[in-house]
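Visitor: Next up is a structure, given as structure tokens.
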Ligand SMILES: [Fe+2]
Ligand SMILES: [Fe+2]
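What follows is the structure, encoded as structure tokens:
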């Protein structure tokens, strides 16, 4: 079920918890940044598009949107993208050449309504300057996050996500251990290549990311987090290359799950 909350006076979150059987809950977030040129960051999951659109309408008239930032093209990020492009003729999509290429295998994007923004580039969106960056972990070559000058917030896409055992609206309501374990585990699931990195190069990249010193962190898969937690979040990522590699349940586990689902309750 899709829910909403206000993160700051002009940033609202559209969120849903996806249950991952046997592991926990994965928040799936999109963000509405209000201002002179309203911006929607990602468009929810395909499976929840109707609910997502209803919740979006409860916080903004979609016809007011000027921009959509697609952090990448996965099904939990592009769920209502084409509906919005169809419904709001003036909205423009910020993405990359790679993002357009991947989307073309599903349904082509309107080329005259795109703004390409590559990592390292900036663009002005009304009263905000957005600085694009490639997050240190990601699961798609199209992934681009950004730093917003107005809110001093980082929007990190899948990076800094966590598989959690309970629903919270603020990452500060999790214990340090819940955060660290959830983030390390998610990094091994979503970015399995992390075990192949040169750890000193990866550590140097994390140090560079830390220098952004955001006041807020908005990951697609973590409740909103205060920037004071950013050091602990990058430290958790630094652990990921040496963590246990993730291997999903095998066929025997699947058959056990199916058996449990079909067995009549005892008694
Ligand atoms: Fe992803
Ligand atoms: Fe994602």
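Residue numbers (this note's numbering): 6 to 272.
From the three backbone atoms N, C-alpha and C, an ideal C-beta is built for every residue, glycine too.
What you are looking at is a predicted structure, and each value in this text was computed from that prediction instead of being measured.
(1) When DSSP labels each residue in this structure, what does residue 208 get in the three-state scheme?
(2) Return yes when at least one heavy atom of ligand 1 lies under 7 Å from the C-beta of residue 145, else no.
(3) Would you list the residues whose beta-carbon is nearer than 6 Å to any heavy atom of ligand 2, in the order they occur in the chain?
(4) Spatial neighbours of residue 42 within its chain, please: C-beta separation below 7 Å, excluding the five flanking residues on both sides.
(5) By alpha-carbon positions, which one of 39, 241, 82 ends up nearest to residue 162?
(6) Measuring from the CB of residue 200, is there a heavy atom of ligand 1 at a distance below 7 Å?
(7) Should the segment 7-23 be regarded as contacting the segment 44-57, the criterion being three or more beta carbon pairs within less than 8 Å?
(8) Do residue 181 and residue 237 have their C-beta atoms closer together than 8 Å?
(9) Measuring alpha carbon to alpha carbon, tell me which of 91, 190, 152 ends up nearest residue 219.
(10) Tell me whether residue 34, by its Cβ, gets closer than 7 Å to a heavy atom of ligand 4.
(11) What residue ranges within the segment 6-87 form continuous alpha helix (DSSP H) runs of no fewer than 4 residues, ordered along the chain?
(12) Are the CB atoms of residue 192 and residue 242 nearer to each other than 8 Å?
(13) From 167, 60, 24, 183, pick the residue whose C-alpha is nearest to that of residue 11; which is it?
(14) By Cβ distance below 6 Å, which residues in the same chain neighbour residue 195 in space, the five residues on each side in sequence not counted?
(15) Tell me whether the beta-carbon of residue 214 lies closer than 8 Å to the beta-carbon of residue 141.
(16) Output the residue ranges of the beta strand (DSSP E) runs that lie fully inside the segment 144-195 and measure 3 residues or longer, sorted by chain position.
(17) Cβ atoms of residue 75 and residue 99: under 8 Å apart, would you say?
(18) Please confirm whether any heavy atom of ligand 1 lies closer than 7 Å to the CB of residue 77.
(19) Check this for me: beta carbons of residue 103 and residue 147, under 8 Å apart or not?
(20) Taking the alpha-carbon positions, what's the residue 174 to residue 202 distance?
Guide: Straight from the coordinates:
(1) Helix at residue 208.
(2) Flag set: Cβ of residue 145 near ligand 1.
(3) Answer in sequence order: 79, 81, 82, 163, 225, 226.
(4) Cβ within range, chain order: 71, 72, 130, 131.
(5) Taking only the C-alpha atoms, the option nearest residue 162 is 82.
(6) No; taking the cut-off as 7 Å, the Cβ of residue 200 has no heavy atom of ligand 1 nearer than that.
(7) Yes: at least three Cβ pairs fall under 8 Å.
(8) The answer is yes: Cβ separation under 8 Å.
(9) The residue among 91, 190, 152 with its C-alpha nearest the C-alpha of residue 219 is 152.
(10) Of the ligands this structure carries, namely ligand 1 and ligand 2, none is ligand 4.
(11) List check, alpha helix (DSSP H) in window: 54-64.
(12) Less than 8 Å separates the beta-carbon of residue 192 from that of residue 242.
(13) 60 is the residue among 167, 60, 24, 183 whose C-alpha sits nearest the C-alpha of residue 11.
(14) Short of 6 Å from the beta carbon of residue 195, and not among the five residues preceding or following it, lie these beta carbons of its own chain, in chain order: 144, 163.
(15) Yes, the Cβ-Cβ distance between residue 214 and residue 141 is below 8 Å.
(16) Secondary structure within the segment 144-195: the beta strand (DSSP E) runs of 3 or more consecutive residues, fully enclosed, are 150-153, 158-162 (chain order).
(17) Yes; because the gap between Cβ atoms is below 8 Å, this pair is in contact.
(18) In terms of side-chain proximity, the C-beta atom of residue 77 is found nearer than 7 Å to a non-hydrogen atom of ligand 1.
(19) At the C-beta level, residue 103 and residue 147 come within 8 Å of one another.
(20) Going by C-alpha positions, residue 174 is about 32 Å away from residue 202.
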